[in-house]
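Participant:
In the numbering used here, the protein residues as written are 38 to 160.
1) Below 8 Å, can you find three or more Cβ-Cβ pairs linking the segment 107-116 to the segment 61-79?
2) Out of 119, 96, 91, point me to the one whose CA is closest to residue 146's CA.
3) Going by DSSP in three states, residue 54 sits in which element: helix, strand or coil?
4) When the Cα of residue 143 is compared with those of 105, 126, 68, which residue comes out closest?
5) The alpha helix (DSSP H) spanning residue 153 covers which residue range?
6) What number of angstroms, rounded off, separates the C-alpha of residue 132 from the C-alpha of residue 155?
7) Can you name the start and end residues of the beta strand (DSSP E) that residue 41 belongs to?
8) Report, in whole angstroms, the separation of the C-beta atoms of residue 103 and residue 126, which I expect to be a contact under 8 Å.
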């Protein structure tokens, strides 16, 4: 899948959180040129040497970004929620909140890349 396919998906995405999802998408893609996006599990998914995160497209009161191995990403990230072995989620209710979390999202992306490249990181 390509960027064009994700754009098509976004064009058909009918959800009150669409603008928030789009802003988060822009933040993640701007975090690092190595991040790619595709459609997996019927939703935009961000990848770099594995599946970094996917949107949960049915959320209508917040945008939910599922970090598939969020519990394993080195560092501490205040807004990642969950208690399972691997997955963590970040819920964002507005474009303003997405902007407030930009630095944390960037840090998660950079920690993911460093982890996947074999470096140790601390946040």
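For every residue, glycine included, the Cβ atom is placed at its ideal position computed from N, Cα and C.
Facilitator: Here's the rundown:
1) no
2) 91
3) coil
4) Checking every option, the nearest Cα to that of residue 143 belongs to 68.
5) Element bounds for residue 153: 139-153.
6) Looking at the two C-alpha atoms, the distance is approximately 33 Å.
7) Where residue 41 is concerned, there is no enclosing beta strand (DSSP E), although the alpha helix (DSSP H) it sits in stretches over 40-49.
8) Right, the Cβ-Cβ distance comes to about 5 Å (below 8 Å), so this counts as a contact.
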